[in-house]
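Our numbering numbers the first residue of the sequence shown as 927 and each following residue consecutively. We put the beta carbon where it would ideally sit given N, CA and C, even for glycine.
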Amino acid sequence: MNLRHLALISAVALMAATEAGAAQMVVAEARGIGLKPGAMIDTSKPLTLKEGQHVTLISSSGATLKLDGPYNAAPDSDRGGTNIGSKLAALTTQNNVRLGEVGTTRTGEAKDKLPSPWLLNVSHPGAVCLREGTSPVLWRNAAKAATPATIMPADRSWKLQLDWPAGSDTLAVTDDVSVHSGATYFVSMGGPETAIKINAVPALLETDSMRAAWMADRGCTEQAEAVLRASR
927 MNLRHLALIS AVALMAATEA GAAQMVVAEA RGIGLKPGAM IDTSKPLTLK
977 EGQHVTLISS SGATLKLDGP YNAAPDSDRG GTNIGSKLAA LTTQNNVRLG
1027 EVGTTRTGEA KDKLPSPWLL NVSHPGAVCL REGTSPVLWR NAAKAATPAT
1077 IMPADRSWKL QLDWPAGSDT LAVTDDVSVH SGATYFVSMG GPETAIKINA
1127 VPALLETDSM RAAWMADRGC TEQAEAVLRA SR
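Given below as structure tokens:
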């Protein structure tokens, strides 16, 4: 395990020690049961799952607990849960193997750290996370010249054309544009299209550890790491 992974795990441990330990967990995933992602459950009460039912829960400390039926007990992330530091370390390793070289993007360009957890990196394909109730702000490494940018949904039912200003690494998308969670969009900046899948981060998530775990669960690894950096 390298120093970056150790730092992430240390940051999570510090956050877990200082954040309030509310007896609630958020549902990250549910199959075969009438629970929806984003719902909060009381961990002091038994959760009953029948054969074939599955629930993934996230605690306020960012621990992820996967439960399969038959199950009938009060959920406890301290028993069998995966902490967010370990999860991010594993996801980062997987991403580096997939990309072929540590610290590079699919295009071979140097990969800088995301300056804010709520910026959507459109310099390479993948999942990004948008906080519920906010408008998207796109991010890439700043370019010396202005760049024409195009955004369109996967069904290509509309196209938004913008100019990405010279020297700026961010581009805000206006409120009147229908960019929402659960959908995939193609972004082009004067070159090949990049497919970006938008995932929502519920506003009710109580802690940064919980937000980071939610993001990591949806493949938004860069943003999850940025949440932890900002919380140190």
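Rounded to whole angstroms, the separation of the alpha carbons of Pro1001 and His980 is 13 Å. For the 8 Å CB-CB criterion, Met1136 and Gln1149 do not form a contact. Residue state for Arg1082 is assigned as coil, using DSSP reduced to three classes. Secondary structure of Ser1061 (DSSP, three-state): coil. Taking the Cα of Gly1117 as reference, the smallest distance to any Cα among Arg957, Lys976, Tyr997, Thr1073 is reached at Thr1073. In this structure, Leu1046 sits away from Ala1126, with a CB-CB distance that is not shorter than 8 Å. Asp1095 carries a coil assignment under DSSP once its states are collapsed to helix, strand and coil. DSSP places Leu983 in no alpha helix (DSSP H) but in the uninterrupted beta strand (DSSP E) bounded by 980-985. The beta carbon of Ser1012 lies closer than 6 Å to none in the same chain, with the five residues before and after it left out. Judged by DSSP in its simplified three-state form, Ile967 adopts strand. Note that the C-beta distance between Ser1042 and Ala1152 is below 8 Å.
DSSP lists no beta-bridge partner residue for Gln1149. A distance of 8 Å or more separates the beta carbons of Leu983 and Tyr997. Remark: C-beta atoms of Asp1143 and Ala954 approach each other more closely than 8 Å.
Assignment of beta-bridge partners to Gly1052 by DSSP yields Ile1122. Burial check for Trp1084: the Cβ neighbour count within 10 Å stays below 16, so the residue is exposed.
By the Cβ neighbour-count rule, Pro1062 is buried, with 16 or more other Cβ atoms within 10 Å of its own.
One Cα belongs to Ile1077, the other to Val1105, and the distance between them is close to 9 Å. Assigned with DSSP and collapsed to three states, Asp1102 falls in coil, not helix or strand.
Here Ala1092 is actually not in contact with Ala1075; their C-beta atoms are around 13 Å apart, not less than 8 Å.
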